[in-house]
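Respectively, the protein sequence lines represent chains Z and E.
Just so you know, we're using our numbering here: the first sequence kicks off at 14 and counts up by one.
Just so you know, we're using our numbering here: the second sequence kicks off at 14 and counts up by one.
Beneath this line is the structure, given in structure tokens, with notes to follow.
2 protein chains.
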Amino acid sequence: MTPKKIDGERRGRGRPPSFDRGQALRAAMRLFWDRGYDGTSFDDLIAAMGISASSFYNAFGSKEALYQEAIDAYIKVAGGWFSAALNEETDTRTTFGHLTAAAAAEFTRDDLPAGCMIAVAATQCAPTQARLRDLLASQRTQSEDAMVDRLRRGMAAGDLPADTDIEALAAFYGSLLRGMAVQARDGASRERLLEIARIGMQAWPAAQPHPRDS
Amino acid sequence: MTPKKIDGERRGRGRPPSFDRGQALRAAMRLFWDRGYDGTSFDDLIAAMGISASSFYNAFGSKEALYQEAIDAYIKVAGGWFSAALNEETDTRTTFGHLTAAAAAEFTRDDLPAGCMIAVAATQCAPTQARLRDLLASQRTQSEDAMVDRLRRGMAAGDLPADTDIEALAAFYGSLLRGMAVQARDGASRERLLEIARIGMQAWPAAQPHPRDS
DNA sequence: GGATTTATGGAGCGATGACACCAAAAAAAA
DNA sequence: TTTTTTTTGGTGTCATCGCTCCATAAATCC
């Protein structure tokens with residue numbers, strides 16, 4: 014057929030791809046997001062991406078490689094609002110209030126699958142998929158580390174009691190976000206998720222009247 | 014026919030099974046718990062259960078039927094500590110403190126797989142597995158309903174502020190428990206989970222000094 | 001002891017999964 | 001134009017998946 018427009022600059026010698034790689038990747042991301050790795054078959058993928066098996070392997074290498082790219086693409090989407098919220102120029106409590114509220118909103122968009130692509134992915138899988146499991150667990154750890162960093166800065170700024178367990182607090186909000194992602198996938202409304210987020214903020218550590226208490 | 018099938022006594026006419034059905038079911042439960050439905054293959058199952066393919070179909074019907082039985086078996090395990098904690102004879106706040114602490118302990122037992130078999134299962138799956146997805150989502154709803162019931166009783170007993178949003182509070186603790194289950198699967202220690210649970214209890218609604226405040 | 005009923009071992013089945021190969025096609029580079 | 005490089009369509013492969021069939025073994029009932 015007639016060659017179509019390709020994104021960005023088309024440099025290279027051979028025949029140009031007839032499809033938009035980024036667009037195909039986003040289609041794959043949506044499918045993986047919605048159905049998970051196992052739940053998305055090869056045929057599902059090439060159908061949704063609108064390409065043939067040959068083009069698939071030529072452009073993406075393998076299903077697993079595509080999944081990793083899809084994860085990266087998701088990070089660009091979700092990492093956007095996530096780190097945007099974390100790097101706001103406000104006090105730490107407000108930051109986390111906005112972060113959890115943003116999650117409630119993002120987990121219930123009508124133009125994207127519900128929930129989070131990473132939050133609960135590959136927690137139960139075959140031993141042969143240990144690599145994927147570790148990859149996803151590592152991503153979860155990374156987002157929690159980002160929260161730890163923000164809390165540490167907040168601690169330094171005096172936003173938190175001196176005896177706050179930073180790691181535990183980050184783990185708490187990490188757990189909450191993942192649970193919210195499950196709720197979203199089960200069909201919870203945005204309002205419900207916002208309520209959960211609001212309650213979660215009630216757990217924010219109060220200033221200690223007796224800081225030298227062990 | 015004169016069906017005198019009593020589960021305890023083995024009264025049947027034909028050849029008796031050479032394996033313990035309950036034991037085989039528990040082996041399957043562990044495997045499903047650890048690897049999920051897709052991650053557990055037929056061959057994995059019959060190997061772990063120590064039976065042949067014929068015996069498998071003779072005794073359990075199909076992989077999906079076995080999974081449902083495994084879920085039921087899990088409910089008997091986890092439903093044990095869950096409703097035990099919920100039906101304690103204490104005030105509502107203490108009850109939920111014990112519930113979350115019990116989850117932290119149960120999610121990190123060394124004689125069982127980490128986390129919860131139901132908490133995050135089948136949230137991402139193929140359309141062909143809609144039945145399983147709905148089954149699991151329904152189980153999650155049920156456990157949340159049990160928390161709603163307990164909170165309602167607590168409200169009636171005066172343990173909670175009159176303006177408490179019961180459903181939202183139950184959804185919050187439901188989210189927290191599911192997030193804790195993910196943490197457990199990612200390798201979090203029991204102490205870490207207990208910390209998360211403790212922080213989660215800080216979100217418990219305080220008595221409102223100004224209930225007519227919007 | 002038959003007769004009946006149920007379980008077992010073993011072999012194999014159709015479908016699907018992910019992927020590989022290759023010759024033709026379409027572009028830039030020479 | 002010729003050469004070189006890359007994509008594409010079509011077909012084939014090989015393993016695994018969940019499952020089935022059948023002859024036989026082992027129990028109970030008459």
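Cβ coordinates follow ideal geometry from the N, Cα and C atoms, glycine included.
Min CB distance residue i to chain E below 9 Å
| i | result |
| --- | --- |
| A57 of chain Z | Per the sequence shown, residue 57 of chain Z should be read as Asp rather than Ala. Closer than 9 Å to some Cβ of chain E, the Cβ of D57 of chain Z qualifies, so yes. |
| P29 of chain Z | no |
| E180 of chain Z | yes |
| E208 of chain Z | yes |
| A216 of chain Z | yes |
| T53 of chain Z | yes |
| L148 of chain Z | no |
| A60 of chain Z | no |
| I212 of chain Z | yes |
| D47 of chain Z | yes |
| T121 of chain Z | no |
| V90 of chain Z | no |
| A41 of chain Z | no |
| Q155 of chain Z | no |
| Q81 of chain Z | no |
Cα-Cα separation, residue i to residue j
| i | j | result |
| --- | --- | --- |
| S188 of chain Z | Q196 of chain E | 7 Å |
| Q152 of chain Z | G35 of chain Z | 22 Å |
| A194 of chain Z | T113 of chain Z | 11 Å |
| G93 of chain Z | R48 of chain Z | 22 Å |
| A175 of chain E | A216 of chain Z | 20 Å |
| P126 of chain Z | F45 of chain Z | 10 Å |
| L206 of chain E | A118 of chain E | 8 Å |
| Q155 of chain E | G52 of chain Z | 25 Å |
| A170 of chain Z | M214 of chain Z | 19 Å |
| V161 of chain E | R146 of chain Z | 33 Å |
| E208 of chain E | A181 of chain Z | 6 Å |
| N71 of chain E | P30 of chain E | 10 Å |
| L190 of chain Z | L190 of chain E | 11 Å |
| R211 of chain Z | G27 of chain Z | 55 Å |
| D124 of chain E | R43 of chain E | 10 Å |
| D178 of chain E | V90 of chain E | 30 Å |
| Y87 of chain E | A78 of chain E | 14 Å |
| E101 of chain E | H111 of chain E | 9 Å |
| R69 of chain E | E204 of chain Z | Residue 69 of chain E is actually Phe in this sequence, not Arg. Each residue's Cα considered, the two are about 46 Å apart. |
| K76 of chain E | M168 of chain E | 43 Å |
| M62 of chain Z | F95 of chain Z | 27 Å |
| R166 of chain E | S67 of chain E | 50 Å |
| G25 of chain Z | R144 of chain Z | 33 Å |
Beta carbon of residue i nearer than 9 Å to that of residue j
| i | j | result |
| --- | --- | --- |
| A116 of chain Z | C129 of chain Z | yes |
| S54 of chain E | T121 of chain E | no |
| T107 of chain Z | L173 of chain Z | no |
| A139 of chain Z | D57 of chain E | yes |
Reference residue i; option with closest CA among the options
| i | options | result |
| --- | --- | --- |
| F73 of chain E | E:L99, E:S96, E:T103 and E:A37 | E:A37 |
| G200 of chain Z | E:N71, E:E204, E:Q137 and E:L207 | E:Q137 |
| L148 of chain Z | Z:Q81, Z:A139 and Z:T103 | Z:Q81 |
| S65 of chain E | E:T141, E:R122, E:F32 and E:R39 | E:F32 |
| A132 of chain Z | E:F120, E:G192, E:Y50 and E:F185 | E:G192 |
| A41 of chain Z | Z:A60, Z:G171 and Z:R28 | Z:A60 |
| A159 of chain E | E:D172, E:A135, E:Y186 and E:A134 | E:Y186 |
| Q142 of chain E | E:R39, E:A184 and E:Y50 | E:Y50 |
| P198 of chain Z | E:A134, E:I179 and E:R163 | Before going further, note that residue 198 of chain Z is Arg rather than Pro in the sequence given. It is E:A134. |
| A184 of chain Z | Z:M168, Z:R166, Z:E157 and Z:R165 | Z:E157 |
| T103 of chain Z | Z:R144, Z:D85 and Z:R163 | Z:R163 |
| A98 of chain Z | Z:R39, Z:I88, Z:V90 and Z:F109 | Z:F109 |
| R39 of chain Z | Z:S96, Z:M168 and Z:I84 | Z:I84 |
CB contact check: residue i to chain Z, cutoff 9 Å
| i | result |
| --- | --- |
| V161 of chain E | no |
| F109 of chain E | no |
| L190 of chain E | yes |
| Q196 of chain E | yes |
| Q137 of chain E | yes |
| P174 of chain E | no |
| R205 of chain E | yes |
| D199 of chain E | yes |
| Q36 of chain E | no |
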